[in-house]
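Here the working numbering is used: the first residue of the sequence shown is 1447, the next is one more, and so on. Positions of the beta carbon are idealized from the N, C-alpha and C atoms, including for glycine. Fair warning: this is a prediction, and the values are worked out from it, not measured in the lab.
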Amino acid sequence: MYQLASISEKLNTLWTLSQKEFIFLDDLELKFKDDLENFIAGETLYLKDGKVVVGKNLYKKWLQKLQSKGFDYEIDFK
1447 MYQLASISEK
1457 LNTLWTLSQK
1467 EFIFLDDLEL
1477 KFKDDLENFI
1487 AGETLYLKDG
1497 KVVVGKNLYK
1507 KWLQKLQSKG
1517 FDYEIDFK
């Protein structure tokens, strides 16, 4: 049961990030980065303070994709 709560908590952090003013690619846990990077391939991104920023609308589209289709990669929640 603890693992289920841990998974829920980690997924909730993804939605919490969407409330930030700037969403830096480095803000995501490493296990989620591959999926987001695959999703944003070819999109326009920009740098702020030397870090890659993912636009809020693009990030929210990725979250919608997660809800409807899930991850493109197997995620190890351990």
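Buried or exposed: Asp-1518, going by 16 or more other Cβ atoms within 10 Å of its Cβ? exposed
Going along the chain, which unbroken runs of the alpha helix (DSSP H) with 4 or more residues stay wholly within the segment 1478-1516? If one requires a minimum length of 4 residues, the alpha helix (DSSP H) runs lying completely within the segment 1478-1516 are 1502-1515, in chain order.
Assuming Val-1499 and Leu-1509 make a contact with CB atoms under 8 angstroms, what is their CB distance in whole Å? No, Val-1499 and Leu-1509 are not in contact; Cβ-Cβ is about 16 angstroms, not under 8 angstroms.
Can Leu-1504 and Glu-1483 be called in contact, C-beta distance under 8 angstroms? Contact: no.
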